[in-house]
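Right, one structure below, let's go through it.
2 protein chains.
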Amino acid sequence: METTDSLIEANTRFYRAFELFDIEEMNELWDKELAVTCIHPGWPLIQGRSEILQSWINIFNNTMVMQFTITESSIKIEGEWGWIVCTESLRSVVNGKVNEGRVEATNIFRRVKNQWYLVHHHGSPIIN
Amino acid sequence: METTDSLIEANTRFYRAFELFDIEEMNELWDKELAVTCIHPGWPLIQGRSEILQSWINIFNNTMVMQFTITESSIKIEGEWGWIVCTESLRSVVNGKVNEGRVEATNIFRRVKNQWYLVHHHGSPIIN
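Going line by line, the protein sequences match chains W and L.
Heads up: the first sequence at position 18 corresponds to 18 in the working numbering, and the numbers run straight through without jumps.
If you count the second sequence from 1, you need to add 128 to reach the working numbering.
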């Protein structure tokens with residue numbers, strides 16, 4: 001198992017882009033060559049880069065505040081692939097309504113020229 | 129990208145064990161060496177082999193019927209790791225109540241001696 005620092009950094013960068021509603025950074029973070037997939041909490045699967053970016057635009061347009069605390073539970077790297085299982089403790093304001101809660105996430109990255117790119121994001125709400 | 133048939137077969141075997149409430153097969157399917165993680169739909173993260181198996185026992189004890197139709201959206205293999213993103217169309221009877229719905233899943237496997245073992249299962253309900 002090689003060092004996981006760069007993978008954790010990429011994961012942190014992803015949540016930072018979300019907090020800042022930074023669509024350019026989000027665009028930069030997703031893999032540009034492979035088929036990418038995204039499951040937002042409670043949503044059906046989204047396939048395709050442009051469809052995923054549009055979903056982020058929609059989320060950013062409807063969210064006033066988003067703050068994350070991320071706790072990584074599992075981090076693995078194999079070749080040019082890496083994945084992180086983490087818990088997002090979040091506070092958000094969506095359509096004027098304050099939400100506090102936790103989301104479980106699986107984030108899968110691929111490394112290209114020493115840079116990690118998201119290939120798959122899966123977030124799920126904790127309901128029980 | 130090598131053939132993905134064996135990975136799909138392992139994934140199918142996982143859902144078959146779920147349908148049959150086969151805890152011995154479920155025990156066999158999960159990786160015995162690595163730290164394993166599991167997120168059932170709406171649940172918080174479960175870490176550890178025995179904790180995960182106990183969760184399956186609890187689910188099996190409370191479920192009368194479980195039927196899946198699985199649609200794979202993304203399948204990738206890198207070295208001894210493989211992962212599948214799939215949609216579970218399911219019909220279940222839990223505590224006497226019939227449920228029909230869809231769950232998005234990310235399943236990550238590791239191969240040991242030509243056999244795929246689950247290292248991470250993440251299912252999330254489609255709410256919207």
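C-beta atoms are modelled at their ideal positions from N, C-alpha and C, and glycine is treated no differently.
Where the beta strand (DSSP E) through residue i begins and ends
i              : result
residue 118(W) : 115 to 125
residue 259(L) : Since the displayed chain L opens at 129 and closes at 256, residue 259(L) lies outside it and no answer follows.
residue 140(L) : From DSSP, residue 140(L) is part of no beta strand (DSSP E) but of the alpha helix (DSSP H) over 133 to 147.
residue 218(L) : 209 to 222
As assigned by DSSP and simplified to three states, the class of residue i
i              : result
residue 233(L) : strand
residue 112(W) : strand
residue 161(L) : coil
residue 129(L) : Only weak support exists for where residue 129(L) lies, its pLDDT of 46 falling under 50; the coordinates are left without a value.
residue 187(L) : helix
Nearest to residue i (by Cα), restricted to the options the options
i              : options                        : result
residue 91(W)  : 110(W), 74(W), 31(W), 18(W)    : 18(W)
residue 101(W) : 35(W), 26(W), 66(W), 118(W)    : 66(W)
residue 25(W)  : 77(W), 53(W), 39(W), 124(W)    : 53(W)
residue 93(W)  : 5(W), 31(W), 21(W), 33(W)      : 21(W)
residue 35(W)  : 179(L), 213(L), 243(L), 159(L) : 213(L)
residue 183(L) : 151(L), 160(L), 156(L)         : 151(L)
residue 111(W) : 98(W), 77(W), 40(W)            : 77(W)
residue 113(W) : 32(W), 15(W), 74(W)            : 32(W)
residue 99(W)  : 125(W), 5(W), 75(W)            : 125(W)
residue 108(W) : 48(W), 75(W), 50(W), 28(W)     : 75(W)
residue 168(L) : 243(L), 233(L), 255(L)         : 233(L)
residue 155(L) : 177(L), 215(L), 216(L)         : 177(L)
Bridge partners - residue i, DSSP secondary structure assignment
i              : result
residue 228(L) : 219(L)
residue 46(W)  : 38(W)
Residue i, enclosing alpha helix (DSSP H) - first and last residue
i             : result
residue 24(W) : 23 to 29
Does the segment 58 to 68 of chain W touch the segment 42 to 50 of chain W, meaning 3 or more C-beta pairs lie closer than 8 Å?
-> No, because fewer than three Cβ pairs between the segment 42 to 50 of chain W and the segment 58 to 68 of chain W fall closer than 8 Å, the two stretches do not touch.
Are there three or more Cβ pairs, one per stretch, closer than 8 Å when the segment 9 to 18 of chain W is compared with the segment 68 to 82 of chain W?
-> yes
Evaluate contact between the segment 232 to 247 of chain L and the segment 206 to 220 of chain L, counting only Cβ atoms and requiring at least three cross-stretch pairs below 8 Å.
-> Three or more pairs of CB atoms, one per stretch, sit closer than 8 Å, so the segment 232 to 247 of chain L contacts the segment 206 to 220 of chain L.
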